[in-house]
Amino acid sequence: MIRLFAGIELPEHIKDQLYALRGGVPNAKWVERENLHITLRFIGNIDEGVADDLHDGFMQIKAPAFDMQMAQVGLFANGSQLRHLWAGVCNYQALDFLHDKIESVVSRNRLPPDKHKFHAHCTLAKLYGATFADVHKFMEYNNLFRSEEFHVDHFTLFSSHPRTDGDGSYYRVEAQYPLFGYWD
Numbered sequence: 329m330i331r332l333f334a335g336i337e338l339p340e341h342i343k344d345q346l347y348a349l350r351g352g353v354p355n356a357k358w359v360e361r362e363n364l365h366i367t368l369r370f371i372g373n374i375d376e377g378v379a380d381d382l383h384d385g386f387m388q389i390k391a392p393a394f395d396m397q398m399a400q401v402g403l404f405a406n407g408s409q410l411r412h413l414w415a416g417v418c419n420y421q422a423l424d425f426l427h428d429k430i431e432s433v434v435s436r437n438r439l440p441p442d443k444h445k446f447h448a449h450c451t452l453a454k455l456y457g458a459t460f461a462d463v464h465k466f467m468e469y470n471n472l473f474r475s476e477e478f479h480v481d482h483f484t485l486f487s488s489h490p491r492t493d494g495d496g497s498y499y500r501v502e503a504q505y506p507l508f509g510y511w512d
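Position one of the sequence shown corresponds to residue 329 (my numbering), numbered consecutively onward.
Structure (structure tokens):
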């Protein structure tokens, strides 16, 4: 079994800009700099054979390269339970198109559909007992955040592995899939 997800690797200078947003929210577990990414599709634990089939399907995806920018910050919550802080993205059209292509490959391999509506973002922190007041201050302070624009010319298949110290996971690049051409 291997735990997989498809995503967008972020350039180092964009990771620096996102990493600089850390702080100001007690009881937040901030994502390590090297783990900052945009998830296109969480796949989960699957057999190696299914992983090979997904890889073959991802190799067939035809989608254009595009430019994008991280913009604003937000919050995922479940009722009153605050879950995650995130940075949003501009250029939803290109990401939605790519997500739909990936979702099509995943469904052709008889994996369950994603339970959540796709919302392109980069998770900044997981929240454990943070108050709404602290989160509100963070969001108000960083609401005008905009990264530099950057070019996306591939998407990545990542595997997720538990750290030996038990503190979270690390991600390994399993494969990269080129995006060709440009949007009109």
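A virtual CB, placed ideally from N, CA and C, is assigned to each residue, including glycine. Small disclaimer: the values here were computed from a predicted structure and weren't measured.
Report task. Hey, could you find the ends of the alpha helix (DSSP H) G529 is sitting in? Result -> There is simply no residue 529 to check, as the chain begins at 329 and stops at 512 in what is shown.
Report task. Could you pull out every residue in the same chain whose Cβ sits closer than 6 Å to the Cβ of Y347, ignoring the five residues on either side in sequence? Result -> Taking the first residue of the sequence shown as 1, we reach residue 347 at position 19. Cβ neighbours of Y347 beyond the five flanking positions: R361.
Requested in this report: Taking only the alpha-carbon atoms, compute the straight-line gap between I374 and C418 and give it to the nearest angstrom.
Outcome: Position 46 of the sequence shown, counted from the first residue, corresponds to residue 374. Position 90 of the sequence shown, counted from the first residue, corresponds to residue 418. In a straight line, the C-alpha of I374 is about 31 Å away from that of C418.
Report task. Examine the Cβ distances between the segment 418-429 and the segment 389-400 and report whether three or more of them are shorter than 8 Å. Result -> yes
Query raised in the report: Any idea if V353 is buried or exposed, counting beta-carbon neighbours within 10 angstroms, 16 or more meaning buried?
Result: Taking the sequence shown and counting its residues from 1, one reaches residue 353 at position 25. So V353 counts as buried.
Report task. Just confirm the distance between the C-beta atoms of L382 and L410, as a whole number of angstroms; I'd bet it's less than 8 Å. Result -> As a working mapping, residue 382 is identified with position 54 in the sequence shown. As a working mapping, residue 410 is identified with position 82 in the sequence shown. 33 Å between Cβ atoms; not a contact.
Requested in this report: Indicate whether L423 and I336 have their beta-carbon atoms separated by less than 9 Å.
Outcome: Position 95 of the sequence shown, counting from 1, holds the residue named residue 423. Position 8 of the sequence shown, counting from 1, holds the residue named residue 336. In contact: L423 and I336 (Cβ atoms closer than 9 Å).
Query raised in the report: Taking all protein chains shown into account, do 16 or more other C-beta atoms lie within 10 angstroms of the C-beta of A461, making it buried, or fewer, making it exposed?
Result: In the sequence shown, the residue the question calls residue 461 occupies position 133. Exposed.
Query raised in the report: Which term fits S435, buried or exposed, when burial requires 16 or more other beta carbons within 10 angstroms of its beta carbon?
Result: Here residue 435 refers to the residue found at position 107 of the sequence shown. Exposed: under 16 other Cβ atoms inside 10 Å.
**Report entry** Alpha carbon of G372 to alpha carbon of L349, nearest angstrom
**Finding:** As a working note, residue 372 is residue 44 in the sequence shown. As a working note, residue 349 is residue 21 in the sequence shown. Cα to Cα, the separation comes out at about 28 Å.
Query - Enclosing alpha helix (DSSP H) for L423 [first to last residue] - result: Walking along the sequence shown from the start, residue 423 turns up at place 95. Where L423 is concerned, the enclosing alpha helix (DSSP H) stretches over Y420 to R436.
Requested in this report: Output the distance between the C-alpha atoms of A503 and P490, rounded to the nearest integer angstrom.
Outcome: Here residue 503 corresponds to residue number 175 of the sequence shown, with the count starting at 1. Here residue 490 corresponds to residue number 162 of the sequence shown, with the count starting at 1. Whole-angstrom Cα-Cα distance: 19 Å.
Query raised in the report: So, is Y469 buried or exposed, given that buried needs 16 or more other C-beta atoms within 10 angstroms?
Result: As a first step, residue 469 is located in the sequence shown; it is residue number 141 there, counting from the start. Y469 comes out exposed.
Report task. Going by CA-CA distance only, name the one from A379, R331, E376 and C450 that's closest to R474. Result -> To locate residue 474, count along the sequence shown from 1; it is residue 146. For R474, the nearest C-alpha among the options comes from C450.
Query - Proximal residues to K465 (C-beta, below 7 Å), its chain only, five neighbours per side dropped - result: In the sequence shown, the residue the question calls residue 465 occupies position 137. Here the set comprises G352.
Query raised in the report: Just checking my contact of L338 with L364 at CB under 8 Å: how many whole Å lie between their CB atoms?
Result: Against the sequence shown, residue 338 aligns to sequence position 10. Against the sequence shown, residue 364 aligns to sequence position 36. By a beta-carbon distance limit of 8 Å, L338 contacts L364. Their separation comes to about 6 Å.
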